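Anchor point for the sequence shown: position 114 equals 114 in full-length UniProt numbering, and the numbering is continuous, going up by one each time.
Written below as structure tokens is the structure these notes are about.
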Amino acid sequence: MQTACQAVQHQRGRRQYNKLRNLLKDARHDCVLFANEFQQHCYLPREKGEAMEKWQTRSIYNSAVWYYHHCGDRMPIVMVTEDEEAIQQYGSETEGVFVISFKNYLDNFWPDLKAAHELCDSILQSRRERESESQETHGKEYPEHLPLEVLEAGIKSGRYIQGILNVNKHRAQIEAFVRLQGASSKDSDLLSDILIHGTKARNRSIHGDVVVVELLPKNEWKGRTAALSENDSEDKASGESPSEPMPTGRVVGILQKNWRDYVVTFPSKEEVQSQGKNAQKILVTPWDYRIPKIRISTQQAEALQDFRVVVRIDSWETTSVYPNGHFVRVLGRIGDLEGEIATILVENSISVVPFSEAQMCEMPVNTPENPWKVSPKEERERKDLRNTHLVFSIDPKGCEDVDDTLSVRTLANGNLELGVHIADVTHFVTPNSYIDVEARTRATTYYLADRRYDMLPSILSADLCSLLGGVDRYAVSVMWELDKTSYEIKKVWYGRTIIRSAYKLFYEAAQELLDGNFSIVDDIPEFKALEKQSRQAKLEELVWAIGKLTDIARHIRAKRDRCGALELEGVEVRVQLDDKKNIHDLIPKQPLEVHETVAECMILANHWVAKKIWESFPHQALLRQHPPPHQEFFSELRECAKAKGFFIDTRSNKTLADSLDRANDPSDPLVNQLLRSMATQAMSNALYFSTGSCAEEEFQHYGLALDKYTHFTSPIRRYSDIVVHRLLMAAISKDKKMEIKENLFSNKDLEELCRHINNRNRAAQHSQKQSTELFQCMYFKDKDSETEERCMADGIIYSIRTNGVLVFIPRFGIKGAAYLRNKDGLVISCGPENSFEWTPGSLQRSQNKITSTTAGGQSVTFHLFDHVTVRISVQALRCHSDTIRLKIISNKPYMTPNPELCHQSSLLLKSELVKEVTRSVEEAQLAQEVKGKVLQEECQEYCQTKGRSLYSLLEEIRDLALLDVSDSHAM
1 MQTACQAVQH QRGRRQYNKL RNLLKDARHD CVLFANEFQQ HCYLPREKGE
51 AMEKWQTRSI YNSAVWYYHH CGDRMPIVMV TEDEEAIQQY GSETEGVFVI
101 SFKNYLDNFW PDLKAAHELC DSILQSRRER ESESQETHGK EYPEHLPLEV
151 LEAGIKSGRY IQGILNVNKH RAQIEAFVRL QGASSKDSDL LSDILIHGTK
201 ARNRSIHGDV VVVELLPKNE WKGRTAALSE NDSEDKASGE SPSEPMPTGR
251 VVGILQKNWR DYVVTFPSKE EVQSQGKNAQ KILVTPWDYR IPKIRISTQQ
301 AEALQDFRVV VRIDSWETTS VYPNGHFVRV LGRIGDLEGE IATILVENSI
351 SVVPFSEAQM CEMPVNTPEN PWKVSPKEER ERKDLRNTHL VFSIDPKGCE
401 DVDDTLSVRT LANGNLELGV HIADVTHFVT PNSYIDVEAR TRATTYYLAD
451 RRYDMLPSIL SADLCSLLGG VDRYAVSVMW ELDKTSYEIK KVWYGRTIIR
501 SAYKLFYEAA QELLDGNFSI VDDIPEFKAL EKQSRQAKLE ELVWAIGKLT
551 DIARHIRAKR DRCGALELEG VEVRVQLDDK KNIHDLIPKQ PLEVHETVAE
601 CMILANHWVA KKIWESFPHQ ALLRQHPPPH QEFFSELREC AKAKGFFIDT
651 RSNKTLADSL DRANDPSDPL VNQLLRSMAT QAMSNALYFS TGSCAEEEFQ
701 HYGLALDKYT HFTSPIRRYS DIVVHRLLMA AISKDKKMEI KENLFSNKDL
751 EELCRHINNR NRAAQHSQKQ STELFQCMYF KDKDSETEER CMADGIIYSI
801 RTNGVLVFIP RFGIKGAAYL RNKDGLVISC GPENSFEWTP GSLQRSQNKI
851 TSTTAGGQSV TFHLFDHVTV RISVQALRCH SDTIRLKIIS NKPYMTPNPE
901 LCHQSSLLLK SELVKEVTRS VEEAQLAQEV KGKVLQEECQ EYCQTKGRSL
951 YSLLEEIRDL ALLDVSDSHA M
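Here you go:
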């Protein structure tokens, strides 16, 4: 009811109201909003002096009674409320209209929903304790938040600053930062984030909340701590001297609480017993270091201590040190693979429920008995490329969701025609259909280390929308006519097409053909059935096409390079699994030129489509912007480069790109790779936006050096591309002066959608990174780091801290901290035979080096970019994810004892690793056979696609994060 919705807005705030509104609009929930205040017989005027809540309750009840009579007194109406007075007053007033509490509603109508009953009991218990506590406790732990009108006036006047709270996960009890947002970021003179030092200054705000901050006087400003932290649960402030002071403030109010489901761990048996046998209030520890401990009420603490559990925060009163929450559900055992994956999904608010029956009913059919065919209507309306163009795809091995194909041919006038053909997903996914709403909610396909969760059902993503070899498919194409020698673009055509891909190539095969190694033909299925003469002709045609595409891509790339396009290295590792899902190897991804060839063609298509949709719809086009980074974020990059004698000019993307090209150490190519990685870290994230919300000068894509850019080339796995396809089709209709059939978003609705997609993209990036780290830990966990040769590796120092260094291990793509001073205050020293040990002493740090000196006067110095030997181990943590630990055991580069191992390491790793991990997994499965069966069934139900294309997104293009890899700085 309309009045009930307004009551939520009045009592719970705009965020909860918007959440409810979105649920109502979601077609999957079959909800109807009754505008009762605009219905003649339902409207009741508010009486003089009547409280808002009383009037709203009266209005809702009156509407319920009218609706009961409207249905001929044949359909009972249930009004659910927690207002005891309303239940007493109206409960027995009208026969057929039940006014009951939610607890009674569950008991009477849904007695078998055990989980719902438990959740309801948990919430009611939490509420009772909160009320009781507020009556008992008078001492305040935190100051009250200022009223909303005071906050808004303060932001407007410039006294207060609005921003999002970001807690430092390595120093969660000490450091948090507020990044300026909205009007504050434009009007403020501040050039950096605001430091919030300590939990008291945070004033009950939680990581992710939109907060209002008051700056402290300059003499109270503090600096961020330069020491490495080991994420101790207590996280006490260390005695390390902080860096120079930065703007520091305190939270005076919260504009928006962005609370979500949190995964927690219950205290161990000993900790529970120390709180008393009858203790019902339990402090649980969140998996995410940035979230404070949460107090919940339960009598199941001992039973749940070995499990990952989901809880929600209900409130955080000024009288309480910790927030209060309630138990929601159990995820799985600590350390169990499925439980840990479920944790990653919940922590990133990723829902992986199967597609519903209603959604699947909208899907086309393609079975041996009823095969899908191109319709005559579509044949008449589309350009048919099946017999005129050599179309082929280049993708990772085993890729199922082939979004894009390419073509190149010589025209009659001697010029070239380059074509990019993208799966026509919008033909099958109509606006506001059940599947469209679901795809919009998911926003992206989620790629984890051992699985993926698709945005669209597999009938589309792996079949009818996948541009597989030798089958007819609908596509949306962009085709350019290029000058035969200069490759300059003469004209461009956009439209719907029908294609038949001739070859489904994998990257390595395409590279071999480009390099002139034709023996790879035996691995390309399409060549196997051909006769020798026909095979040779087809091969020459394909090799010419790949070579010509590469030439064109080089030209396009050179043109972007001249404008300042950045080549930034991303440290990327692929987890290779065998058929039984056991870890095969951790493999740093090797870049190939064909990666760049495909990527450049996709960038070109994205750029031209961006221009087209903006020209047609200047105030409601979805584009992708990458703002220039703040100059202060480059300070560490500049200092590190200076240590090697390089100067990095960061004034523009062009000067940065040129500087990075020159910063090359011939004796150590890793130096340039690390500098590029640091440049990536300094970048802002690229974001989707609506063109009606930004000035044109803000459209630019800094990393790609393009004035306008969007995402058009992956509609199978990105909802943004579906929106762009609809915009492009509308633009084509507009050019032809035809009726625009597509339902286009208004600027306001598109801006809201962009925020949602940006949020889901961040979740996809984080979940991918966390699952890779999970598998890295699994890789090393069962090994003895003291004796196992696999746990020794060469590392390069890329940052100096006051108590240690940060090290990059190229072999495994791992970055981590190596401590030079331990918790006991002992420092690392060089012992006999170049071995390292802990002894009393001190550390002396400068910008580019750190020296460890023992009490006896012996010293060892570590410089930036020094190669060291490190030992890799895993620190198993009960409440949080396991972490990789690095220990420097020599200040010399690691040299493998067996020279042959250096060349065959990956082969040996695969054979030995499969045996070890298979054995450990089998033992774990035998120990929990029954549970394993249940998990396997759940896995089959929820993991919609599995197979060898585990990292198809990561394999798709080079390590260049700017080419849309889902990395922490994807563009």
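All C-beta atoms, glycine included, are put in the ideal place defined by N, C-alpha and C.
Please read these numbers as outputs of a predicted model, since none were measured by experiment.
{"query": "Taking residue 678 as part of the alpha helix (DSSP H), name the residues at either end of that continuous run.", "result": "670 to 682"}
{"query": "Kindly identify the DSSP beta-bridge partner or partners of residue 838.", "result": "828"}
{"query": "Considering just the uninterrupted stretch of the beta strand (DSSP E) at residue 417, what are its terminal residues?", "result": "416 to 423"}
{"query": "So if DSSP puts residue 404 in a beta bridge, which residue, or which two residues, is it bridged to?", "result": "422"}
{"query": "Pop quiz: residue 849 and residue 869 are said to be a contact at Cβ under 8 Å. What is the actual Cβ separation, rounded to whole angstroms?", "result": "Contact flag wrong, Cβ pair sits at about 18 Å."}
{"query": "Could you spell out where the alpha helix (DSSP H) holding residue 658 opens and where it closes?", "result": "653 to 662"}
{"query": "I'd like to know whether the C-beta atoms of residue 889 and residue 878 end up nearer to each other than 8 Å.", "result": "no"}
{"query": "Please determine, among 523, 406, 490 and 674, the residue with the shortest C-alpha to C-alpha distance to residue 603.", "result": "406"}
{"query": "Does the region 143 to 155 touch the region 163 to 172, meaning 3 or more C-beta pairs lie closer than 8 Å?", "result": "no"}
{"query": "In whole angstroms, what separates the C-alpha of residue 264 from that of residue 318?", "result": "23 Å"}
{"query": "Quick check on DSSP: helix, strand or coil for residue 741?", "result": "coil"}
{"query": "Since residue 177 sits in a beta bridge, which residues does DSSP pair it with?", "result": "166 and 195"}
{"query": "Please go through the same chain and pick out, in chain order, the residues whose beta-carbon is closer than 8 Å to the beta-carbon of residue 293, but skip the five residues on each side of it.", "result": "283, 284, 285, 286 and 322"}
{"query": "Closer than 7 Å by C-beta to residue 612: which residues in its own chain qualify, once you throw out the five before and the five after it? Chain order, please.", "result": "494, 728 and 731"}
{"query": "Run through DSSP, which three-state label would residue 594 get?", "result": "helix"}
{"query": "If we count Cβ pairs, one from each stretch, closer than 8 Å, do we get three or more for the region 372 to 386 versus the region 438 to 454?", "result": "no"}
{"query": "Residue ranges of each beta strand (DSSP E) run of no fewer than 3 residues wholly in the region 284 to 319, ordered along the chain?", "result": "294 to 297 and 307 to 315"}
{"query": "Going by the DSSP bridge assignment, what does residue 117 pair with across the sheet?", "result": "BP columns for residue 117 are empty, so no partner."}
{"query": "Taking DSSP as the reference, what is the three-state secondary structure of residue 17?", "result": "helix"}
{"query": "Could you check if residue 29 is buried or exposed, using at least 16 other CB atoms within 10 Å of its CB as the buried criterion?", "result": "exposed"}
{"query": "Between 58, 606 and 544, which has its C-alpha nearest residue 715's C-alpha?", "result": "606"}
{"query": "Tell me the DSSP bridge mates of residue 974?", "result": "This structure gives no information on residue 974, because the portion of the chain shown stretches from 1 to 971."}
{"query": "Below 7 Å, is the gap between the Cβ of residue 429 and the nearest heavy atom of the ligand COA?", "result": "As for the ligand COA, it is missing from this structure, which has no ligand bound."}
{"query": "What span of residues does the beta strand (DSSP E) with residue 477 cover, start to end?", "result": "472 to 482"}
{"query": "By the three-class DSSP mapping on this structure, what secondary structure does residue 647 have?", "result": "coil"}
{"query": "If I measure Cβ to Cβ from residue 859 and keep anything under 8 Å in the same chain, skipping five residues before and after, which residues do I get?", "result": "851, 852 and 853"}
{"query": "Have a look at the DSSP bridge pairing and note the partners of residue 624.", "result": "688"}
{"query": "DSSP state of residue 947, grouped into three classes?", "result": "Because the pLDDT at residue 947 is just 36, under 50, the model does not fix this residue reliably, and the value given afterwards should be weighed accordingly. Residue state, collapsed to three classes: coil."}
{"query": "For residue 553 versus residue 526, is the C-beta spacing smaller than 8 Å?", "result": "no"}
{"query": "Looking at C-beta atoms only, is the number of pairs between the region 426 to 435 and the region 679 to 689 that lie closer than 8 Å three or more?", "result": "no"}
{"query": "As a quick exercise: from 77, 204, 296 and 13, pick the residue whose alpha carbon is nearest that of residue 143.", "result": "204"}
{"query": "Could you check whether residue 195 and residue 247 sit closer than 8 Å to each other, using their CB atoms as the reference points?", "result": "yes"}
{"query": "Residue 800 lies in the beta strand (DSSP E); which residues open and close that run?", "result": "792 to 800"}
{"query": "Nearest by alpha-carbon distance to residue 656: which of 784, 124 and 634 is it?", "result": "634"}
{"query": "Is there contact here, the region 465 to 479 with the region 749 to 758, by at least three beta-carbon pairs under 8 Å?", "result": "no"}
{"query": "When burial is assigned at 16 or more other CB atoms within 10 Å of the CB, is residue 515 buried or exposed?", "result": "exposed"}
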